[in-house]
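In our numbering, the protein residues as written are 148 to 423.
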C-alpha cells in the first residue's frame with residue numbers, strides 16, 4: 148500500500164497542471180511580493196522571466212469570450228505594475244495596452260481595477276522621455292467622476308428632502324465600494340511603484356486626486372448629516388456592520404471607510420518624501 152501511494156504521488160507530480168496559467172502566476176508571485184532583502188532586484192528579475200510580456204501578449208492578442216484566465220491575468224499584471232515601477236514603465240510603453248483595457252470584459256465589471264490602470268498609465272506616461280497622454284488622462288478623470296457621481300446622494304436627499312430608494316442605495320453602495328477599492332489599490336501603489344507625490348500630486352495625478360478628495364469631503368458631510376438626523380446608530384463604524392443592517396447603514400459604513408482611506412492618503416502626501 149505504501150509503494151502504491153508513492154507511485155501515485157510520483158504520477159501526480161509528473162502530470163501536467165490542471166491550470167498552467169495559475170501555476171505560472173503562482174510561481175512568479177515571489178517576484179511581485181519579494182522578501183525585503185530581494186526587493187531591489189525583483190522587478191528586473193520579473194521582466195527577465197518574461198511573465199509580464201507573456202501576459203501582455205495574451206491580453207492584447209486575444210478576446211476574452213470564454214477566457215477563464217482573463218481575470219487572474221489582468222489582476223496579476225496590475226498587482227505587478229502597482230508594486231514595481233520598472234514593470235509599470237514597461238507596460239505603459241506598450242501602445243496596444245490601452246485598447247485592451249477598454250475592450251476587456253473583466254475590467255468593465257471591475258471598475259476599481261480599470262480606474263487604477265487608467266490612473267497609473269496617465270501618471271507614468273507623463274514621465275520623460277514620454278510627453279503625456281491627454282486622452283488617457285481625460286478618460287481616467289471622466290471614469291472617476293462618473294463613479295463618484297453615481298455614489299453621491301440625490302439632490303433632494305442632500306438637501307434633507309426625500310431619502311434614497313432601496314435601488315438607489317444599492318447602486319450608490321456599489322459605486323462607493325468601487326471608490327474604496329480604488330483608494331486601497333492607490334495606497335499599495337504609493338508604497339510600491341509610484342511615490343504619493345507623483346501618483347497624487349503630479350500634473351496627471353492631481354486632477355484625479357482632487358476628484359477623490361472632493362468625494363471624500365462630500366462623504367464626511369453626508370455622514371455628519373445622517374448622524375445628526377438619526378443618531379450614531381445610522382453610521383456603522385469600519386468593520387462594525389451588524390447582521391440585518393439596512394441599506395443606509397451599509398452605505399454609511401462604506402462612506403466612512405472612504406473618508407478614512409482619503410485621510411490616509413492625505414497623510415502620505417504630507418509626509419516627507421525619501422528625497423527630502
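Beta carbons: idealized from backbone N, C-alpha and C, even for Gly.
What are the boundary residues of the alpha helix (DSSP H) that residue i is part of?
| i | result |
| --- | --- |
| residue 398 | 394 to 417 |
| residue 258 | 258 to 271 |
| residue 219 | 217 to 230 |
| residue 200 | 198 to 208 |
To the nearest angstrom, report how far apart residue i and residue j are at their CA atoms.
| i | j | result |
| --- | --- | --- |
| residue 317 | residue 185 | 44 angstroms |
| residue 264 | residue 284 | 11 angstroms |
| residue 382 | residue 345 | Low local confidence applies: a pLDDT of 47 at residue 382 is under 50, so the model's placement there is unreliable, with the coordinate-based value given in what follows. Cα to Cα, the separation comes out at about 34 angstroms. |
| residue 270 | residue 172 | 26 angstroms |
| residue 328 | residue 195 | 30 angstroms |
| residue 169 | residue 224 | 13 angstroms |
| residue 372 | residue 300 | 12 angstroms |
| residue 192 | residue 239 | 18 angstroms |
| residue 385 | residue 280 | Note that residue 385 scores 48 on pLDDT, short of 50, meaning its location in the model is unreliable and no value can be drawn from it. |
| residue 180 | residue 217 | 21 angstroms |
| residue 244 | residue 215 | 20 angstroms |
| residue 202 | residue 369 | 42 angstroms |
| residue 416 | residue 242 | 31 angstroms |
| residue 268 | residue 286 | 11 angstroms |
| residue 387 | residue 343 | Because residue 387 sits at a pLDDT of 44, beneath the cut-off of 50, its placement in the model cannot be relied upon, and the following sentence gives the value as read from the coordinates. Whole-angstrom Cα-Cα distance: 29 angstroms. |
| residue 204 | residue 250 | 15 angstroms |
| residue 361 | residue 393 | 26 angstroms |
| residue 220 | residue 288 | 25 angstroms |
| residue 395 | residue 293 | 21 angstroms |
| residue 312 | residue 397 | 14 angstroms |
| residue 365 | residue 177 | 40 angstroms |
Using DSSP with H/G/I as helix, E/B as strand and the rest coil, what is residue i?
| i | result |
| --- | --- |
| residue 296 | helix |
| residue 312 | coil |
| residue 153 | Low per-residue confidence applies at residue 153: pLDDT is 45, beneath 50, and the placement is therefore not dependable enough to give any value. |
| residue 166 | coil |
| residue 251 | coil |
| residue 349 | coil |
| residue 318 | helix |
| residue 240 | coil |
| residue 183 | helix |
| residue 279 | coil |
| residue 360 | helix |
| residue 274 | coil |
| residue 246 | helix |
| residue 424 | There is no way to answer for residue 424, as the model of the chain reaches only from 148 to 423. |
Would you please state the rounded distance, in angstroms, between the beta carbons of residue i and residue j? I believe it to be under 8 angstroms.
| i | j | result |
| --- | --- | --- |
| residue 351 | residue 291 | Wrong, their Cβ atoms sit about 13 angstroms apart, outside the cutoff. |
| residue 406 | residue 375 | The Cβ separation is near 16 angstroms, so there is no contact. |
| residue 272 | residue 297 | 27 angstroms between Cβ atoms; not a contact. |
| residue 109 | residue 199 | In the structure displayed, the chain extends from 148 to 423; residue 109 sits before or after that span and is not available. |
| residue 412 | residue 355 | Not confirmed; about 12 angstroms, so no contact. |
| residue 233 | residue 187 | That belief does not hold up - the Cβ atoms of residue 233 and residue 187 are roughly 11 angstroms apart, past 8 angstroms. |
| residue 330 | residue 408 | 4 angstroms |
Would you say residue i lies against chain C (beta-carbon separation less than 7 angstroms)?
| i | result |
| --- | --- |
| residue 172 | Structure shown: chain C not included; a single protein chain is present. |
Would you call the stretch 330 to 348 in contact with the stretch 219 to 234, where contact means no fewer than 3 C-beta pairs closer than 8 angstroms?
Between the stretch 330 to 348 and the stretch 219 to 234 there are three or more C-beta pairs closer than 8 angstroms, enough to call the two in contact.
Within the chosen definition, does the stretch 314 to 326 reach the stretch 394 to 412 through at least 3 CB pairs nearer than 8 angstroms?
Judged by Cβ distances under 8 angstroms, the stretch 314 to 326 makes contact with the stretch 394 to 412, as three or more pairs qualify.
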